[in-house]
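Working notes for the structure below.
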Amino acid sequence: MPKHTLVVRVENTSGALTRIAGLFSRRGFNIDSLSVRPTDEPATSRMTIVVDVDERPLEQVIQQLDKLVNVISIRERSV
Numbered sequence: 062m063p064k065h066t067l068v069v070r071v072e073n074t075s076g077a078l079t080r081i082a083g084l085f086s087r088r089g090f091n092i093d094s095l096s097v098r099p100t101d102e103p104a105t106s107r108m109t110i111v112v113d114v115d116e117r118p119l120e121q122v123i124q125q126l127d128k129l130v131n132v133i134s135i136r137e138r139s140v
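Following this note's numbering, the numbering of the sequence shown begins with 62 at its first residue and continues without gaps.
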């Protein structure tokens, strides 16, 4: 499976990481790499997630991530 990198900007609140990781876990996807860092805005963080998944399931995950309350934006970055 190809590796994909997602950059997700989230509200910096308790449980945001758990909800996002849980979404991948429930679909049976293994997260290869995950990093979280603050942004210029104190109330938000940036998550960089690397995952091995085919294109179609990735699109579904992105749609589901976008529905999570704490998610502000999502973009796929070329590896």
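Positions of the beta carbon are idealized from the N, C-alpha and C atoms, including for glycine.
Problem set entry | Which of helix, strand or coil DSSP assigns to Val114 | Correct three-state label for Val114: coil.
Exercise. Taking the alpha carbon of Met108 as the point to measure from, which residue in Asp115, Pro99 and Glu116 has its own alpha carbon closest?
Worked result: Taking Met108 as reference, the option from Asp115, Pro99 and Glu116 with the minimal CA-CA separation is Pro99.
Problem set entry | Span separating the alpha-carbon of Phe85 from that of Gln125 | Roughly 10 Å separates the two Cα atoms.
Problem set entry | Residue from Pro103, Ser139 and Gly83 whose Cα sits closest to the Cα of Val122 | That would be Gly83, whose Cα lies nearest to the Cα of Val122.
Exercise. Apart from the five residues on each side of it in sequence, which residues of its chain come closer than 7 Å, Cβ to Cβ, to Asp93?
Worked result: Short of 7 Å from the beta carbon of Asp93, and not among the five residues preceding or following it, lie these beta carbons of its own chain, in chain order: Lys64, Val111, Val112 and Asp113.
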